[in-house]
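full-length UniProt numbering numbers the first residue of the sequence shown as 1 and each following residue consecutively. Comments concern the structure below.
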Amino acid sequence: MRAVGGRLPRRPEVRAVLGRAAGGSVGGCVTQSLPGQRPVQTRASGGRGGLAVAVIGAGPYGLSVAAHLRRAGVPVRVFGEVMGSWRHAMATGMFLKSTPAATDLSAPGPGGRLSDFRRVHGEPELTELTPIPCEVFVRYGQWFKERYVGDVEPVRVASVDRATNTGGFAVLLDDGREFAAAAVVVATGLNGLAHIPEELLHLAPEGPGAGALVSHTSHHSDLSRYAGQRVAVIGGGQSALESAALLHEAGTHVQVLVRQRAVLWGTIPQPSRPWPQRLAKPASPLGTGWMLDAVCRTPGGVRRLPAATRLLLYRRALGPSGGWWLRDRVEEIVPVHTSRRVAHAEASSSAARLELAGPDGPDILTVDHVLAATGYRLDIGALPFLTPALRHGIACVTGSKAPRLTGGFASSIPGLYFTGSLAAPMFGPMMRFVAGTEYAAVRIARDAVRRIGTR
């Protein structure tokens with residue numbers, strides 16, 4: 001049996017399920033782009049004028065979209081490292097918060113579910129009581145790629161602009177190659193969208209990172225580098241709490257600062273619930289309750305709601321909380337200070353001096369590193385591969401910097417699609433999770449076929 005983060009939880013039922021589970025940046029470099037449109041050489045075959053669809057990103061959404069496009073006969077080129085964010089922006093020892101039933105990539109036919117992957121490799125079936133190790137999910141994504149997608153080009157996209165001579169897009173890769181695409185699907189997930197509060201950025205004038213006084217959880221694949229150091233984790237959600245557990249288990253002196261008055265934890269799933277409970281709180285890929293069930297069943301209905309309502313759903317439908325299986329590794333083990341916020345931060349003798357505000361008045365905390373588990377901000381302006389001319393033509397959801405999308409996930413620039421988290425302010429919170437791949441991939445492929453045809 002594999003220990004989680006070097007230590008097994010105390011509760012026997014949690015030890016059992018974690019042991020069974022463990023068995024067995026895309027987004028482009030920052031470049032200077034010339035404004036306006038640019039002519040390019042065309043290549044490939046099929047579709048509009050022999051052009052392929054460029055899918056930027058090889059995570060769950062990018063792979064799912066590519067699989068459906070290829071099954072529909074649309075030529076596709078996929079760029080990025082397969083499951084790159086899951087390999088490099090998730091610390092070793094982390095688990096998915098989603099249940100196995102909500103963790104399937106979207107295949108254009110039977111045989112592509114997580115359970116199929118486990119069966120093919122002779123691994124035990126996962127249940128609702130089985131948290132999924134990230135490394136298992138990465139292997140699943142790589143298997144899915146081989147089975148349904150084929151070639152993925154491990155290169156970053158440096159820029160995307162409109163092409164003058166094709167009616168499509170000019171795509172420049174960071175190795176200098178350039179080609180024309182009939183359409184572009186942005187499936188870069190949360191790459192480049194990490195949010196660190198302004199008061200913490202003062203700690204790293206040259207930029208946050210693992211070697212600076214402050215970093216974001218997405219900057220790390222291994223938290224053991226902080227063994228023996230004093231670390232403050234900022235945040236009260238899954239990322240903060242699981243990072244704190246891993247830090248503690250690696251020998252770090254860690255404390256968690258939470259703005260909310262209490263830490264919320266998920267409840268242990270009940271595989272067989274009585275029908276009155278199922279009626280009162282129906283199950284959905286995102287949890288139980290009528291609201292979550294509704295937004296998961298009808299993402300298209302969410303899209304028809306007023307923008308303010310959609311943004312409220314995006315921001316409030318799923319607040320910060322920790323997985324039920326994580327609670328045993330944090331409570332009464334890691335110091336968690338609720339109703340605390342960082343009012344000011346400054347560097348002092350190679351350490352971070354944090355001025356805290358709370359119900360008992362101000363306080364001072366000095367640490368060697370600050371780990372911000374403060375989420376992400378959706379902003380198409382943070383996608384460096386979109387040229388200024390292209391970016392300025394993208395209409396955004398009122399009150400946000402996320403793109404306004406059609407029912408087929410197309411932006412206001414014909415042929416430019418966005419999926420995953422960037423689509424959540426239009427289609428609801430399910431797009432923040434793997435569970436949304438089916439809805440998005442089917443509709444993007446359908447719209448692309450209508451727009452550019454097939455081979």
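Every residue, glycine too, gets a C-beta built ideally from N, C-alpha and C.
*What first and last residue would you give for the beta strand (DSSP E) that runs through arginine 230?*
Counted from its first residue, the sequence shown places residue 230 at position 230. Arginine 230: member of the beta strand (DSSP E) spanning 230-234, first to last residue.
*Can you tell me the Cβ-Cβ gap for histidine 195 and arginine 71, rounded? I've got them flagged as a contact below 8 Å.*
Taking the sequence shown and counting its residues from 1, the one referred to as residue 195 is at position 195. Taking the sequence shown and counting its residues from 1, the one referred to as residue 71 is at position 71. Contact annotation, histidine 195 with arginine 71: C-beta distance approximately 36 Å; criterion of less than 8 Å not satisfied.
_Quick check on the DSSP output: the beta strand (DSSP E) that includes alanine 182 runs from which residue to which?_
Walking along the sequence shown from the start, residue 182 turns up at place 182. Unbroken beta strand (DSSP E) run through alanine 182: 178-186.
*Closest by CA to proline 403, which one among Glu346, Gly323 and Leu311?*
Translated into positions along the sequence shown, residue 403 becomes position 403. Here the closest residue by C-alpha is Leu311.
_On the CB-based measure, 16 or more other CB atoms within 10 Å of its CB, does valine 55 come out buried or exposed?_
Here residue 55 corresponds to residue number 55 of the sequence shown, with the count starting at 1. Label assigned to valine 55: buried.
*Please go through the same chain and pick out, in chain order, the residues whose beta-carbon is closer than 7 Å to the beta-carbon of glutamine 32, but skip the five residues on each side of it.*
Locating residue 32 in the sequence shown gives position 32, counting from the first residue. Note on glutamine 32: pLDDT 26, under 50, position unreliable in the model; no value is reported.
*With leucine 313 as the anchor, note down where its alpha helix (DSSP H) starts and where it stops.*
Looking up residue 313 in the sequence shown gives position 313. Unbroken alpha helix (DSSP H) run through leucine 313: 307-316.
*Simplified DSSP state of aspartate 174, which is helix, strand or coil*: Taking the sequence shown and counting its residues from 1, the one referred to as residue 174 is at position 174. When DSSP states are grouped into helix, strand and coil, aspartate 174 belongs to the coil group.
*Is DSSP giving valine 155 helix, strand or coil here?*
Taking the first residue of the sequence shown as position 1, residue 155 is located at position 155. Three-state DSSP puts valine 155 in coil, outside helix and strand.
*Nearest-angstrom Cα distance between proline 124 and arginine 113?*
The residue labelled residue 124 in the question sits at position 124 within the sequence shown. The residue labelled residue 113 in the question sits at position 113 within the sequence shown. Each residue's alpha carbon lies about 14 Å from the other.
*Compare the C-alpha of alanine 343 against each of Thr188, Val186, Ser350 and Glu355 and name the closest.*
The residue given as residue 343 occupies position 343 in the sequence shown. Checked all of Thr188, Val186, Ser350 and Glu355; the closest Cα to alanine 343 is Glu355.
_glutamate 346 versus aspartate 368: straight-line alpha-carbon distance, rounded_ = On the sequence shown, residue 346 is found 346 positions in, with the first residue counted as 1. On the sequence shown, residue 368 is found 368 positions in, with the first residue counted as 1. Between glutamate 346 and aspartate 368, the C-alpha separation is close to 12 Å.
*DSSP on valine 336, reduced to helix/strand/coil?*
The sequence position of residue 336 within the sequence shown is 336, counting from 1. In the three-state DSSP reduction, valine 336 falls in the strand class (E or B).
_Are the CB atoms of threonine 419 and phenylalanine 409 within a distance shorter than 7 Å?_
Locating residue 409 in the sequence shown gives position 409, where the first residue counts as 1. Locating residue 419 in the sequence shown gives position 419, where the first residue counts as 1. Contact annotation: phenylalanine 409 and threonine 419 have beta-carbon atoms nearer than 7 Å.
*Helix, strand or coil: which one does DSSP assign to alanine 448?*
As a first step, residue 448 is located in the sequence shown; it is residue number 448 there, counting from the start. Residue state, collapsed to three classes: helix.
*Bounding residues of the beta strand (DSSP E) (the contiguous stretch that carries histidine 369)*: Against the sequence shown, residue 369 aligns to sequence position 369. From DSSP, the beta strand (DSSP E) with histidine 369 extends over 369-372.
_N-terminal and C-terminal residue of the beta strand (DSSP E) that valine 76 is part of_ = The residue labelled residue 76 in the question sits at position 76 within the sequence shown. Boundaries of the beta strand (DSSP E) harbouring valine 76: 76-79, taken from the DSSP string.
*isoleucine 56 bridges to which residues according to DSSP?*
Looking up residue 56 in the sequence shown gives position 56. DSSP lists Phe79 and Val186 as partners of isoleucine 56.
*Mind checking whether valine 171 and alanine 58 have CB atoms under 7 Å apart?*
Here the question's residue 171 lines up with position 171 in the sequence shown. Here the question's residue 58 lines up with position 58 in the sequence shown. Not a contact, by the Cβ cut-off of 7 Å.
_If I follow the unbroken alpha helix (DSSP H) through serine 85, where does it start and stop?_
By one-based count along the sequence shown, residue 85 stands at place 85. 84-88 is the span of the alpha helix (DSSP H), which, as asked, contains serine 85.
*State the Cα-Cα distance for the pair serine 284 and arginine 177, rounded to the nearest angstrom.*
Against the sequence shown, residue 284 aligns to sequence position 284. Against the sequence shown, residue 177 aligns to sequence position 177. Straight-line Cα distance between these residues: approximately 44 Å.
*Smallest Cα separation from histidine 392: which of Val136, Arg118 and Arg162?*
Taking the first residue of the sequence shown as 1, we reach residue 392 at position 392. The residue among Val136, Arg118 and Arg162 with its C-alpha nearest the C-alpha of histidine 392 is Arg162.
*Near valine 299, which residues of its chain fall below 8 Å by C-beta distance, leaving aside the five closest residues on each side in sequence?*
Translated into the one-based positions of the sequence shown, residue 299 becomes position 299. One point to set straight first is that residue 299 is proline, not valine, in the sequence displayed. Sequence-distant Cβ neighbours of proline 299 in its own chain, meaning closer than 8 Å and more than five residues away, are Phe427, Gly428, Met430, Met431, Gly436 and Tyr439.
*Which same chain residues, not among the five before or five after proline 276, have their C-beta less than 7 Å away from its C-beta?*
Translated into the one-based positions of the sequence shown, residue 276 becomes position 276. If we look at proline 276 and ignore the five residues flanking it on each side, it has no Cβ neighbours.
*asked:* Can you give me the C-alpha to C-alpha distance between arginine 450 and valine 74, rounded to a whole angstrom?
replied: Position 450 of the sequence shown, counted from the start, is the residue given in the question as residue 450. Position 74 of the sequence shown, counted from the start, is the residue given in the question as residue 74. Approximately 11 Å, taken between the alpha carbons.
*Is aspartate 104 helix, strand or coil by DSSP?*
Taking the sequence shown and counting its residues from 1, the one referred to as residue 104 is at position 104. Coil at aspartate 104, not helix or strand.
_Any contact between the segment 115-131 and the segment 89-105? By contact I mean 3 or more CB pairs, one from each, below 8 Å._
Flag = yes, the segment 115-131 and the segment 89-105 touch.
*Give the DSSP bridge partners of cysteine 396, in chain order.*
The residue you call residue 396 lines up with position 396 of the sequence shown. As a beta-bridge residue in DSSP terms, cysteine 396 pairs with Pro403.
*CB leucine 246 to CB valine 254, shorter than 7 Å?*
Numbered from 1 along the sequence shown, position 246 holds the residue referred to as residue 246. Numbered from 1 along the sequence shown, position 254 holds the residue referred to as residue 254. Taking 7 Å as the cut-off, the beta carbon of leucine 246 is found no closer than this to the beta carbon of valine 254.
*Taking Cβ positions, are lysine 97 and glutamine 238 nearer each other than 7 Å?*
Your numbering for residue 97 matches position 97 in the sequence shown. Your numbering for residue 238 matches position 238 in the sequence shown. Cβ atoms of lysine 97 and glutamine 238: closer than 7 Å.
*asked:* Measuring straight from C-alpha to C-alpha, what distance separates leucine 365 and valine 231?
replied: Your numbering for residue 365 matches position 365 in the sequence shown. Your numbering for residue 231 matches position 231 in the sequence shown. Counting only the Cα atoms, valine 231 lies some 10 Å from leucine 365.
*In three-state terms, what does DSSP make of glutamine 255?*
For the purposes of this step, residue 255 is identified with residue 255 of the sequence shown, where counting begins at 1. Correct three-state label for glutamine 255: strand.
_DSSP state of leucine 356 mapped onto helix, strand, coil_ = The residue you call residue 356 lines up with position 356 of the sequence shown. Residue state, collapsed to three classes: strand.
*In or out: glycine 141 buried (at least 16 other Cβ within 10 Å) or exposed?*
Against the sequence shown, residue 141 aligns to sequence position 141. Counting Cβ neighbours within 10 Å, glycine 141 comes out buried, since at least 16 surround it.
*Determine the burial state of serine 400: buried for a count of at least 16 other Cβ atoms within 10 Å of its Cβ, exposed for fewer.*
On the sequence shown, residue 400 is found 400 positions in, with the first residue counted as 1. With 16 or more other Cβ atoms within 10 Å, it is buried.
_arginine 377 in three-state terms, based on DSSP_ = Mapped onto the sequence shown, residue 377 falls at position 377. Coil at arginine 377, not helix or strand.
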